[in-house]
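The structure under discussion appears below in the form of structure tokens.
Number of protein chains: 2
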Amino acid sequence: MTQTYALDQETAAKLARLAQQLRVDSVRSSSAAGSGHPTSSLSAADLMAVLLARYLRYDFAHPDAPGNDHLIFSKGHASPLLYAMFKAAGAITDDELLTFRRLGSRLEGHPTPRLPWVDVATGSLGQGLPIGVGLALTGKQLDRLPYHVWVLCGDSEMAEGSMWEAIEQAGFSGLDNLTAIIDVNRLGQRGPTRHGWDTSAYAQRLAAFGWNAIEIDGHDIAAIDRAYAQARVTLRQPTAIVARTRKGRGVSAVEDAEGWHGKPVPDAKEAIRELGGLRDERVQVRHPEPGLRPHVFPSGELRLPEYQPGDKVATRTAFGHALAAVGTARSKVVVLDGEVADSTRTEFFAHAHPDRFFEFYIAEQQMVAAAVGMQVRGWAPFATTFAAFMSRAFDFIRMAAISRATIRLAGSHAGVSIGQDGPSQMGLEDMAALRTIYGSTVLYPCDANQTAALTATMADLTGISYLRTTRADMPVIYRPGEEFPVGGSRVLRSSENDQVTIVAAGITVHEALAATDRLAGDGIAARVIDAYSVKPIDTAAIRQAAADTGHVLTVEDHWPQGGLGDAVLETLAVPSGPLPVVVKLAVRDMPASATPAEQLDAAGIDAAAIVAQVAELAGR
Amino acid sequence: MTQTYALDQETAAKLARLAQQLRVDSVRSSSAAGSGHPTSSLSAADLMAVLLARYLRYDFAHPDAPGNDHLIFSKGHASPLLYAMFKAAGAITDDELLTFRRLGSRLEGHPTPRLPWVDVATGSLGQGLPIGVGLALTGKQLDRLPYHVWVLCGDSEMAEGSMWEAIEQAGFSGLDNLTAIIDVNRLGQRGPTRHGWDTSAYAQRLAAFGWNAIEIDGHDIAAIDRAYAQARVTLRQPTAIVARTRKGRGVSAVEDAEGWHGKPVPDAKEAIRELGGLRDERVQVRHPEPGLRPHVFPSGELRLPEYQPGDKVATRTAFGHALAAVGTARSKVVVLDGEVADSTRTEFFAHAHPDRFFEFYIAEQQMVAAAVGMQVRGWAPFATTFAAFMSRAFDFIRMAAISRATIRLAGSHAGVSIGQDGPSQMGLEDMAALRTIYGSTVLYPCDANQTAALTATMADLTGISYLRTTRADMPVIYRPGEEFPVGGSRVLRSSENDQVTIVAAGITVHEALAATDRLAGDGIAARVIDAYSVKPIDTAAIRQAAADTGHVLTVEDHWPQGGLGDAVLETLAVPSGPLPVVVKLAVRDMPASATPAEQLDAAGIDAAAIVAQVAELAGR
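Chains as they are written, first to last, in our numbering: chain A, 1 to 620; chain B, 1 to 620.
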């Protein structure tokens, strides 16, 4: 079977048998597990059988082959179908298939990249297509390879706005290497979907966004084949195959019936019989053309910007310049921004490396999803917007961790110190949100040279890393070229007589330094730690300082929950002995508009507030 | 000027003068502030002048009048224009207008409900329209009043997926009481938007979603008037007025020029001269019809479900039944769900109170936004989905706090204990996210009677409250009718010899009880606190227990950051003395698929793990 021949009856019959095998295996694995989503798998089995046997180009022995197509199950709950495909392709054994959803199995309830043929985790609906858009952009603009991105979508998830961010981006970018296969099985988890079997409702919306939309009967093998063939040859447009299907297709006990979402079929034996019994056909999946190599951009030397102590520079500006420099040194670095490149300062990168800069307009979910897609192919994405608006993509960041993705995020305009724009623009929950992401690194620099160093460091980190930058100009306090390892800190003031340790980061470092100078005039010695690495935090230095001084004051431009103060508390909570006295200064009231200095004062996190609190702790 | 007369030349000229006044005042306020967004205001001044003078029905003296229209600036950065309208309507003085963005002023950089004529905070783009959809649904299905909802949108924010969730919902619901006015000024913050002045790109998309889309020149007073008139009379469809405008219109130094987003005009005096000079015309805004009263649903007695100790019931199920009972007792309670009512158990409410149940399909941003819109009119919304998917709406929850909104959220399927479905479906960051929301309440019940009581309590809370529920059946340990005040806790095991305090909540309470029973057999006494109120937490009880026992062990089905453990640490961190030893048990590795019991074991938060840790703390 190859796609160069038209579909004859014999081939169609063979594909239909393959589809039945995928159905049988979906029933078997979910019944063995006692849970899972067979009915959502059965509806899409014909669609996937034709794709696997005739259109997918994939070398299962070499999942990292650059020319491989990418197949994403945006409806990740149809994992039984995906695993049945893997078995049919010879990638997993029948024994492994039956470990579905068991402790220790790679075959999780929703697919994750623990399986080498799975690019990204899905299961939070509405994410697979935006990630697929990221991969399709990668194919066009970065790898410059002819691989195709196939995304199996559910009809329910078409309600997610993130799908329309993706549809807009793909239509606008003319991604003819992307095909969305929409399994319109009419039934969501709870009951009928909004549009039921009205495939034209989907098709007219997709067409309005510039897509080639094809409505078909998703159980008509010949129609499916024609649709894929058309998707392959359509130019300058992504294709959506809007397929009318029946949930639970082929098993009369559950077919097109409500109440069977996410449940094994009631009688697996009878279902398998009805589906034609056990089969073990293997599919020789077509390999990509041999010898395909991704495009390589030129790389040069790393020349980070350098700032002179005493100069006043916003960390966001230093980040932008450093990012452009890192981009020069490392040709895999790409930057994604949400129409605020003038504020996040990624405009410097955009000017220096226009081919590796991606404008996602104000669509933060698509931006982060695209970063996840790009890193699948080994690119090193930095995605940036205001710290406040990272919250828009929180579910995507959460899922990126399950994808074991390596992405870098930078949020500008953090904290009340942005001033007059008011609370809607202030990132005040970003550290809490990013710290609670599995395996994340959270960095919060206080000066330009530190920012430059940390930006370069981020390029080497794995997992999800986050850099928090500040709008306001702040004095440079470190020399160019100083090193700031992840998990480290800097002691900026220290003496043998320190009575209190002030742990600060970012803008509050400068307030802490000013406070310490004033306190020294009153004969109170305080230690100042710049905790630029908020996660992981410098446990050793903070514990030592706490032991030395007995009192710890944390100061953060953030809500009190989940930020620097809690990171310090956690690191001090050790079973070996009691904690010192810890006091957290943080933003506790809803800010309004005011100047940056007024904001810091109103929040009680400026030098004056620190002076007062330290004096109290020191017993003055 | 009233809308019953066609627009004659004189009226048009008068409206044009009003628009110029709005422009002048936008220039004046932002120049006085030294910041703000005059150019984004100037583009929409003609649109807003005609709306204010001829179509808006609003009694500025009685902002809570039930019949009032609702005007939302989804492009909240155009606040100078909104405040200029308030001045023209006589709601604020010219002196107050010039306090824009100053410390203490109600006229914040982005509008907030500190101004009585502002329903909700905006400034995070893409939120005003979804909230407007919530208000329009309220007008149709709850209040049953003829008010109209007008939403001024920017063209840049049309890239946000949340806008398309709203557009889909409004089209599907046929919200002819909703008009979106899209100010297509071609320039975003950073430069040209994706579609520039291609108003047809927007119109064809909107039409595909079932909207009545009207393309006009947004500076043509007569065309604007015709569009509003058509919006008012269009039935069974929402209307979008897609208006081609020029950013900075009327001030030649900035008109249609890049680089002038979010900045005062360079020469205010010259700009005001060019705009025709100072004016102080007042607009008599038409009042709504008198005597309009919102619909009132019947209410009855509160009869919470009762469960017998020893029964096994999932807290999500108890929540669903309690919510239906609360709905019977309180006719203002409404429920919104994201196509998972069978899982969150809000299906019980849907069956009991179908007129007050809203299905938003899988569109969590729209769901939360609609809750914010409904509470504007005094309704008491509960919005529910899986705890994991609340993360999708995090920015909306953040903004709801700035809106001073009172909404109730309930997240089901929290924690690893959901079992086989795997990490994509596990809420493991929900407590961190919800705790860091300003003024929030976070509740996490461990049994069915406690859940019922807390569900009833939530109906009376102000601000943002969150209830975390569990998928698994758990034994009932409290008697029906027991009280569980917010900020309280329950001591479930206690003796004079307690060596360790175990603070648990939700499912870990049962693990803690089992552990304590086993430890008692080894002669180790441990106190168990059920901290069902995670925020605010019961500071007094926890401090007392810590003082009594010297060691505190927290156990939570959540990532270690930002949850119960950090809440306990924070409450123990007091300046009056050193902390006790605190150890946090939490989910520290990425889970996969497994049974609930295997998950709790793998995460190290089950009874066996607690036994081991308590024994270590007790020195055994």
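Beta carbons: idealized from backbone N, C-alpha and C, even for Gly. Predicted model only: the values in this text are computed from it and were never measured.
Open item on the list: Please report whether the beta-carbon of Leu107(A) lies at a distance below 9 angstroms from any beta-carbon of chain B.
Closed with: Closer than 9 angstroms to some Cβ of chain B, the Cβ of Leu107(A) qualifies, so yes.
Open item on the list: Runs of 3 residues minimum, wholly inside the region 435-492 of chain B: which ones carry the beta strand (DSSP E) assignment?
Closed with: Annotation: the region 435-492 of chain B contains the following complete segments of the beta strand (DSSP E) (minimum length 3 residues), in chain order: 441-443, 464-468, 473-475.
- [ ] Identify every run of the beta strand (DSSP E) within the region 503-563 of chain B, keeping only runs that are complete inside it and at least 3 residues long; order them along the chain.
- [x] Counting only runs of 3 or more, we get 526-530, 533-535, 551-555.
Task: 6 angstroms CB neighbourhood of Asp217(A) in its chain, flanking five on each side removed - done: Counting only Cβ-Cβ distances below 6 angstroms, and skipping sequence neighbours, we find Ala223, Arg244.
Open item on the list: Given a cut-off of 9 angstroms on the beta-carbon distance, is the pair Arg28(A) and Gly250(A) in contact?
Closed with: Gly250(A) sits away from Arg28(A), with the two beta carbons spaced by 9 angstroms or more.
Open item on the list: Check whether the region 489-506 of chain A and the region 526-538 of chain A are in contact - that is, three or more C-beta pairs closer than 8 angstroms.
Closed with: Segments in contact, yes.
Open item on the list: Distance cutoff 9 angstroms, beta carbons only. Does Ile362(A) sit that close to anything in chain B?
Closed with: At least one chain B Cβ lies under 9 angstroms of Ile362(A).
TODO: Go through the region 214-266 of chain B residue by residue and report every complete run of the beta strand (DSSP E) that reaches 3 residues or more, in order.
DONE: Segments of the beta strand (DSSP E) lying fully in the region 214-266 of chain B: 239-244.
TODO: Can you grab the Cα-Cα spacing for the pair Val133(A) / Gln499(B), in whole Å?
DONE: The C-alpha of Val133(A) lies about 56 angstroms from the C-alpha of Gln499(B).
Task: Short CB-CB distance (under 9 angstroms) between Phe86(A) and chain B - done: Cβ-Cβ to chain B under 9 angstroms: no for Phe86(A).
Open item on the list: Would Gly563(B) and Ala432(B) qualify as a contact pair, given that the criterion is a beta-carbon distance under 9 angstroms?
Closed with: Between Gly563(B) and Ala432(B), the CB-CB gap stays under 9 angstroms.
- [ ] Verify the CB distance criterion: does Leu235(A) have a CB-CB separation below 9 angstroms to chain B?
- [x] So no, Leu235(A) is outside the interface.
TODO: Determine the DSSP secondary structure at Lys75(B), reduced to helix, strand or coil.
DONE: Judged by DSSP in its simplified three-state form, Lys75(B) adopts coil rather than helix or strand.
Task: Separation of Arg479(A) from Leu317(A), as counted between CA atoms - done: Correcting the residue type first, residue 317(A) is Thr in the shown sequence and not Leu. Rounded to the nearest angstrom, the two C-alpha atoms are 17 angstroms apart.
Open item on the list: Using the Cβ count rule (16 or more neighbours within 10 Å means buried), how would you classify Pro354(B)?
Closed with: By the 10 Å Cβ count, Pro354(B) comes out exposed.
Open item on the list: Between which residues of its own chain and Thr199(B) is the CB-CB distance below 6 angstroms, once the five residues before and five after are set aside?
Closed with: Val184, Glu215, Val242, Arg244.
- [ ] Report the option in Glu165(B), Val476(B), Leu600(B), Trp260(B) whose CA atom is closest to the CA atom of Leu428(B).
- [x] Of Glu165(B), Val476(B), Leu600(B), Trp260(B), the residue nearest in Cα terms is Leu600(B).
Task: Start and end residues, beta strand (DSSP E) containing Asp337(B) - done: Element bounds for Asp337(B): 333-337.
Task: Close Cβ partners of Ala363(B) (< 8 angstroms) along its chain, the five nearest in sequence each way excluded - done: So the qualifying residues of the chain are Glu165, Glu168, Gln169, Gly338.
TODO: Would you check if the distance between the CB atom of Asp447(A) and the CB atom of Val416(A) is smaller than 9 angstroms?
DONE: At the C-beta level, Asp447(A) and Val416(A) stay beyond 9 angstroms of one another.
- [ ] Check whether the Cβ of Gln425(B) lies closer than 9 angstroms to any Cβ atom in chain A.
- [x] At a cut-off of 9 angstroms between beta-carbon atoms, Gln425(B) makes contact with chain A.
- [ ] Specify the secondary structure class of Thr501(A) as computed by DSSP and reduced to three states.
- [x] The answer is strand: DSSP assigns Thr501(A) an E or B state.
TODO: Give a yes or no on whether 9 angstroms exceeds the smallest Cβ distance from Thr455(B) to chain A.
DONE: At a cut-off of 9 angstroms between C-beta atoms, Thr455(B) does not count as an interface residue with respect to chain A.
TODO: Answer yes or no: do Ser465(B) and Ser489(B) have a C-beta to C-beta separation smaller than 9 angstroms?
DONE: For the pair Ser465(B) and Ser489(B), the CB atoms are not nearer than the 9 angstroms cut-off.
Task: Candidates Thr451(B), Gln20(B), Gln375(B), Leu617(B): closest to Val333(B) by CA position - done: Comparing Cα-Cα distances from Val333(B) to each of Thr451(B), Gln20(B), Gln375(B), Leu617(B), the minimum goes to Gln375(B).
Open item on the list: For Val118(A), would you say it is in contact with chain B, using Cβ-to-Cβ distances shorter than 9 angstroms as the test?
Closed with: No, Val118(A) does not count as interfacial toward chain B.
Open item on the list: What would DSSP say about Ala410(B), mapped onto helix, strand or coil?
Closed with: Strand at Ala410(B).
TODO: Buried or exposed for Gln189(B), please, with buried defined as at least 16 other CB atoms from any protein chain shown within 10 angstroms of its CB.
DONE: Under this definition Gln189(B) is a buried residue.
- [ ] Go ahead and label Thr93(A) buried or exposed: buried means 16 or more other beta carbons lie within 10 angstroms of its beta carbon, across all protein chains shown.
- [x] The residue is exposed, with fewer than 16 neighbouring Cβ atoms inside 10 Å.
Task: Environment of Gln284(B) [buried if 16+ CB atoms lie within 10 Å] - done: Exposed.
Task: Residue burial classification, Leu278(B) (beta-carbon count within 10 angstroms, cutoff 16) - done: Counting Cβ neighbours within 10 Å, Leu278(B) comes out exposed, since fewer than 16 surround it.
- [ ] Could you check if Thr346(B) is buried or exposed, using at least 16 other CB atoms within 10 Å of its CB as the buried criterion?
- [x] Thr346(B) should be labelled buried.
Task: Paired residues, beta bridge with Val184(B) - DSSP - done: According to DSSP, Val184(B) shares a beta bridge with Arg244(B).
- [ ] Closer than 7 angstroms by beta-carbon distance: list the chain B residues that pair up with Gly422(A), in chain order.
- [x] Chain B residues near Gly422(A): Glu108, Gly109, His110, Gly123.
Open item on the list: Would Met163(B) pass as an interface residue toward chain A - the criterion being a Cβ-Cβ separation below 9 angstroms?
Closed with: Using a Cβ-Cβ cut-off of 9 angstroms, Met163(B) counts as an interface residue toward chain A, since at least one Cβ of chain A sits closer than that to its own.
Task: Terminal residues of the alpha helix (DSSP H) in which Gly161(A) lies - done: Per DSSP, Gly161(A) belongs to the alpha helix (DSSP H) from 161-173.
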